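Step one of this worksheet: look at the structure below.
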Amino acid sequence: MEMASTAESVLVRDSKVRDSAILSFEPSAWNAFVTAAVAGEFVSL
Numbered sequence: 001m002e003m004a005s006t007a008e009s010v011l012v013r014d015s016k017v018r019d020s021a022i023l024s025f026e027p028s029a030w031n032a033f034v035t036a037a038v039a040g041e042f043v044s045l
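In this text, residue positions in the sequence shown follow full-length UniProt numbering: the first is 1, and each later residue adds one.
Now the structure itself:
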């Protein structure tokens, strides 16, 4: 995974597939995702 951030968005793409789509998230949404991942909220998926 590769990530870049600006004031307006967080950009994420698959580093192994460089031609893959670039996903764009609002910083608050990305922060909520990372916080949930660190808290283990996705363990049962």
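The beta-carbon is built from N, C-alpha and C at its ideal position, and this holds for glycine as well.
Small disclaimer: the values here were computed from a predicted structure and weren't measured.
Tell me the DSSP secondary structure of Ala-39 in three-state form.
coil
Rank Val-43, Val-17, Arg-13 by C-alpha distance to the C-alpha of Glu-2 and give the top, closest one.
Arg-13
Endpoints, the beta strand (DSSP E) within which Met-3 is located
2 to 5
So the beta strand (DSSP E) Ser-24 belongs to, where does it begin and stop?
23 to 25
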